[in-house]
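Protein chains: 2
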Amino acid sequence: MSNAASSSNPRISARDKILDAALTAIRTKGFTATTVDDLCAAAGVTKGAFFHHFDSKDALGVAAAQHWSKVTSGFFADAPYHRHDDPLERVLAYIAFRRDILQGELPEFTCLVGTMAQEVHQTSRAITAACDASMSGHAATIEPYVAQAMEQRGLDPAGSDTGWSAASLALHTQAVLQGAFILAKAKGGPAIAEESADHLARYVRLLFANHQKKGKTP
Amino acid sequence: MSNAASSSNPRISARDKILDAALTAIRTKGFTATTVDDLCAAAGVTKGAFFHHFDSKDALGVAAAQHWSKVTSGFFADAPYHRHDDPLERVLAYIAFRRDILQGELPEFTCLVGTMAQEVHQTSRAITAACDASMSGHAATIEPYVAQAMEQRGLDPAGSDTGWSAASLALHTQAVLQGAFILAKAKGGPAIAEESADHLARYVRLLFANHQKKGKTP
DNA sequence: GACAACATACCAACCAGTTGGTATTTTCTC
DNA sequence: GAGAAAATACCAACTGGTTGGTATGTTGTC
Numbered sequence: 094m095s096n097a098a099s100s101s102n103p104r105i106s107a108r109d110k111i112l113d114a115a116l117t118a119i120r121t122k123g124f125t126a127t128t129v130d131d132l133c134a135a136a137g138v139t140k141g142a143f144f145h146h147f148d149s150k151d152a153l154g155v156a157a158a159q160h161w162s163k164v165t166s167g168f169f170a171d172a173p174y175h176r177h178d179d180p181l182e183r184v185l186a187y188i189a190f191r192r193d194i195l196q197g198e199l200p201e202f203t204c205l206v207g208t209m210a211q212e213v214h215q216t217s218r219a220i221t222a223a224c225d226a227s228m229s230g231h232a233a234t235i236e237p238y239v240a241q242a243m244e245q246r247g248l249d250p251a252g253s254d255t256g257w258s259a260a261s262l263a264l265h266t267q268a269v270l271q272g273a274f275i276l277a278k279a280k281g282g283p284a285i286a287e288e289s290a291d292h293l294a295r296y297v298r299l300l301f302a303n304h305q306k307k308g309k310t311p
Numbered sequence: 094m095s096n097a098a099s100s101s102n103p104r105i106s107a108r109d110k111i112l113d114a115a116l117t118a119i120r121t122k123g124f125t126a127t128t129v130d131d132l133c134a135a136a137g138v139t140k141g142a143f144f145h146h147f148d149s150k151d152a153l154g155v156a157a158a159q160h161w162s163k164v165t166s167g168f169f170a171d172a173p174y175h176r177h178d179d180p181l182e183r184v185l186a187y188i189a190f191r192r193d194i195l196q197g198e199l200p201e202f203t204c205l206v207g208t209m210a211q212e213v214h215q216t217s218r219a220i221t222a223a224c225d226a227s228m229s230g231h232a233a234t235i236e237p238y239v240a241q242a243m244e245q246r247g248l249d250p251a252g253s254d255t256g257w258s259a260a261s262l263a264l265h266t267q268a269v270l271q272g273a274f275i276l277a278k279a280k281g282g283p284a285i286a287e288e289s290a291d292h293l294a295r296y297v298r299l300l301f302a303n304h305q306k307k308g309k310t311p
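Protein sequence lines correspond, in order, to chains S and H. Heads up: the first sequence is residues 94 to 311, going by my numbering. Heads up: the second sequence is residues 94 to 311, going by my numbering.
Here is the structure:
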């Protein structure tokens, strides 16, 4: 993921070099504090190239969110948590995976679109929408695992006092992780985020406790 | 909480008018995108007054975080959740209260220090530390309620497989709320944040389920 | 030779911070 | 407690560097 490799390599287009640089720069300094010159310098291209590929800095923000979606969806598609047979195990393995990758420096494991959405939600509709699409799109990849686990174990909380759904729990996992990132940033390290991930895993286990897996033949 | 009232009132010092303006402005536009001129205009003072009271924009950021701590600690001290006799009820009432105040426009109910920490964590140690102090300080006000609930109900999870503590759960509540704010910002409304607050309340109830309150005389 | 992909040179607006000054309050002195 | 001295609070105008964006090339490719 080093920038030095891509910024000097002429086989990678300026557009891709800028987008790669944007992922690191925005996660480090935030969107507003990241200047167009910063991105050009990090990508090893000139301003002319930047504005050839992006109409404005806001347009770069939208493209960066979409690029982030592409990169992360590939990353999570290759992750091992999908291989479990049991849907509930897949959900728990997903949370464990998210916990495991809380390593290295903060800009390496925190979320681009969470950071951007927080910053520009009142100033750029386009960027905010792209961030929402990225987060909600990722949540949608684990929602079916939650739904399958619920069905397999006869869990139907929709009608209860304060009901919940597979979609709601999937988005809640993202909320917990985003909040864990904020605490990690405030405290300068991932330790506190790991604890929140543990609480999240414990919550999911408790939700499904006393709900045995139904056999295939009833 | 209207700025118009304070910005024109000569009996309120320029410093306080600037700090009040900062709470709204930074929550709306973020710290970096908020200019010193923005704050002066909103507060109805000049730049000279600003730099008389604050050495730099960063110093204003630190002061704003401290001002936020003062304002919010007063707000939460007056909240009704403290009045419950049962410590567990106090914790649950706290979460319910946090859910109830998710109303109005986003800048009115989102968290200043969470927003700032996310933005400046790699660029301003001083602001980051002030944000951490504010968040951790608030978590510390509900930690004793959690601890009392655990003791009263004989819950001692410290030694178990993935242990947790009152401090850990108290900080987790903050993580969930901070993450809920991010999703709310991405989606443009508080609805999703309410659902995360519901999940959090459900988690706490499940943690204490099957742990009856011990009587005073054994 | 047309068109995309870049580079160079430049600009107007903006931004954090400064300067040099005045009004108001507080403190010190007798 | 009056009046000088000093500190504080505030203001209007200015500055040097920065920022997003543009106008005008140059180069490579089909």
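Idealized CB from N, CA, C, for every residue including glycine. Quick caveat: nothing in here was measured; it's all calculated off a predicted structure.
| Contact the segment 130–141 of chain S vs the segment 187–199 of chain S: 3+ CB pairs below 8 Å | With a cut-off of 8 Å on Cβ pairs, the segment 130–141 of chain S is not in contact with the segment 187–199 of chain S, counting fewer than three such pairs.
| task | Could you say which of H:A273, H:A223 and H:Y238 lies nearest to H:H312 if we only look at CA atoms? | result | Only positions 94 to 311 of chain H appear in this structure, which leaves residue 312 of chain H out of reach.
| Rounded C-alpha distance that separates H:D305 from H:R246 | For the purposes of this step, residue 305 of chain H is taken as the residue at position 212 of the second sequence. For the purposes of this step, residue 246 of chain H is taken as the residue at position 153 of the second sequence. Here residue 305 of chain H is Gln; the residue named in the question, Asp, does not match the sequence. Using only the alpha carbons, I get a separation of about 6 Å.
| Closer than 8 Å, Cβ to any Cβ of chain S: which residues of the segment 166–196 of chain H, in chain order? | In summary, no residue of the segment 166–196 of chain H has a CB separated from any CB of chain S by less than 8 Å.
| request: Give the residues of chain S in contact with H:Q305, contact being defined as C-beta atoms less than 7 Å apart. | output: In the second sequence, residue 305 of chain H corresponds to position 212, counting from 1. Correct list: empty, because the minimum Cβ distance to chain S is about 17 Å.
| request: Identify, in the order they occur along the chain, each residue of the same chain with its Cβ nearer than 7 Å to the Cβ of S:F301, setting aside the five sequence neighbours on each side. | output: Here residue 301 of chain S refers to the residue found at position 208 when the first sequence is read from its first residue. Excluding positions up to five away in sequence, the list reads L181, A242, R246 and L248.
| task | Provide the residue span of the alpha helix (DSSP H) that contains H:E198, from first to last. | result | Walking along the second sequence from the start, residue 198 of chain H turns up at place 105. In the DSSP assignment, H:E198 falls outside any alpha helix (DSSP H) and carries neither an H nor an E.
| What's the C-alpha gap between H:R176 and H:V184? | Reading the second sequence from its first residue, position 83 is the one you call residue 176 of chain H. Reading the second sequence from its first residue, position 91 is the one you call residue 184 of chain H. So the two alpha carbons sit approximately 11 Å from each other.
| task | Between the Cα of H:S258 and those of H:A268, H:F144 and H:E236, spot the shortest distance and give me the residue it belongs to. | result | Position 165 of the second sequence, counted from the first residue, corresponds to residue 258 of chain H. Among H:A268, H:F144 and H:E236, the Cα nearest to that of H:S258 is on H:E236.
| Which of the residues in the segment 220–232 of chain H, read from start to end, lie with their CB under 7 Å from any CB of chain S? | Per Cβ criterion, the list reads T221, C224, D225 and M228.
| Residue closest to S:R120, alpha-carbon to alpha-carbon, out of S:F274, S:V297 and S:E287 | As a working note, residue 120 of chain S is residue 27 in the first sequence. The residue from S:F274, S:V297 and S:E287 with its alpha-carbon nearest to that of S:R120 is S:F274.
| request: Compare the C-beta of H:V269 with all C-beta atoms of chain S and state if any pair is closer than 8 Å. | output: Walking along the second sequence from the start, residue 269 of chain H turns up at place 176. Closer than 8 Å to some Cβ of chain S, the Cβ of H:V269 qualifies, so yes.
| Quick one: Cα of H:M209 to Cα of S:E212, how far? | Taking the second sequence and counting its residues from 1, the one referred to as residue 209 of chain H is at position 116. Taking the first sequence and counting its residues from 1, the one referred to as residue 212 of chain S is at position 119. The alpha-carbon atoms of H:M209 and S:E212 are separated by roughly 9 Å.
| request: Please specify which runs of the beta strand (DSSP E), each continuous and at least 3 residues long, are wholly inside the segment 228–293 of chain H, giving them in chain order. | output: Positions of the beta strand (DSSP E) runs, each at least 3 residues long and wholly inside the segment 228–293 of chain H, cannot be given because no such run exists.
| query | For chain S, is any of its Cβ atoms less than 8 Å away from the one on H:P283? | reply | Counting from 1 along the second sequence, the entry for residue 283 of chain H is found at position 190. For H:P283, no Cβ of chain S is located within less than 8 Å of the residue's own Cβ.
| said: Quick check: S:G230 and S:S162, are their CB atoms within less than 8 Å of each other? | reply: Locating residue 230 of chain S in the first sequence gives position 137, where the first residue counts as 1. Locating residue 162 of chain S in the first sequence gives position 69, where the first residue counts as 1. Yes, they are a contact pair.
| Considering only residues of the same chain and omitting the five flanking positions on each side of H:A118, which have a CB-CB separation below 8 Å? | The residue given as residue 118 of chain H occupies position 25 in the second sequence. Contacts found: T127, D131, L132 and A135.
| field | Nearest candidate by alpha-carbon position, reference S:R108, set S:F124, S:A152, S:F202 and S:T125 | value | Here the question's residue 108 of chain S lines up with position 15 in the first sequence. Here the closest residue by C-alpha is S:A152.
| How is the alpha helix (DSSP H) around S:Q211 delimited, first residue to last? | Sequence index remark: in the first sequence, residue 211 of chain S carries index 118 (1-based). Looking at the DSSP string, the run of the alpha helix (DSSP H) that includes S:Q211 is L205 to V213.
| said: Does any residue of chain H have a CB that is nearer than 8 Å to the CB of S:E201? | reply: Against the first sequence, residue 201 of chain S aligns to sequence position 108. Not closer than 8 Å to any Cβ of chain H, the Cβ of S:E201 fails to qualify, so no.
| query | When burial is assigned at 16 or more other CB atoms within 10 Å of the CB, is S:A88 buried or exposed? | reply | The question about residue 88 of chain S has no answer here: the residues shown for chain S are numbered 94 through 311.
| field | Same chain, Cβ closer than 6 Å to H:A232, neighbours up to 5 away in sequence not counted | value | As a working note, residue 232 of chain H is residue 139 in the second sequence. Excluding sequence positions up to five before and after H:A232, its CB lies within less than 6 Å of the CB of A263, L264 and Q267, all in the same chain and listed in chain order.
| said: With the cut-off set at 8 Å, would you say S:G207 and S:Q271 are in Cβ contact? | reply: Numbered from its first residue, the first sequence carries residue 207 of chain S at position 114. Numbered from its first residue, the first sequence carries residue 271 of chain S at position 178. Judged by beta-carbon spacing, S:Q271 lies within the 8 Å limit of S:G207, meaning their Cβ atoms are closer than that value.
| said: Please state whether the Cβ-Cβ distance between H:A277 and H:L205 is less than 8 Å. | reply: In the second sequence, the residue the question calls residue 277 of chain H occupies position 184. In the second sequence, the residue the question calls residue 205 of chain H occupies position 112. No, the Cβ-Cβ distance between H:A277 and H:L205 is not below 8 Å.
| Under 9 Å by beta carbon: chain S residues contacting H:Y238 | The residue you call residue 238 of chain H lines up with position 145 of the second sequence. Within chain S, no residue has its CB atom less than 9 Å from the CB of H:Y238, the nearest being about 17 Å off.
| Can you give the Cα-Cα distance for H:S166 and S:F144, rounded to whole angstroms? | Here residue 166 of chain H refers to the residue found at position 73 of the second sequence. Here residue 144 of chain S refers to the residue found at position 51 of the first sequence. Taking the straight line from one Cα to the other gives about 47 Å.
| Does DSSP put S:S162 in a helix, in a strand, or in coil? | As a working note, residue 162 of chain S is residue 69 in the first sequence. Helix.
| Got a sec? Which residues, its chain only, sit under 7 Å from S:L112 by beta carbon, not counting five neighbours each side? | Here residue 112 of chain S corresponds to residue number 19 of the first sequence, with the count starting at 1. Around S:L112: A156, A157 and H160.
| message | What would DSSP say about S:F169, mapped onto helix, strand or coil? | response | In the first sequence, counting from the first residue as 1, residue 169 of chain S sits at position 76. Note: S:F169 maps to helix in three-state DSSP.
| field | Per-residue DSSP class, three states only, for H:K140 | value | Along the second sequence, one-based indexing puts residue 140 of chain H at 47. In the three-state reduction of the DSSP assignment, H:K140 falls in the helix class, which pools H, G and I.
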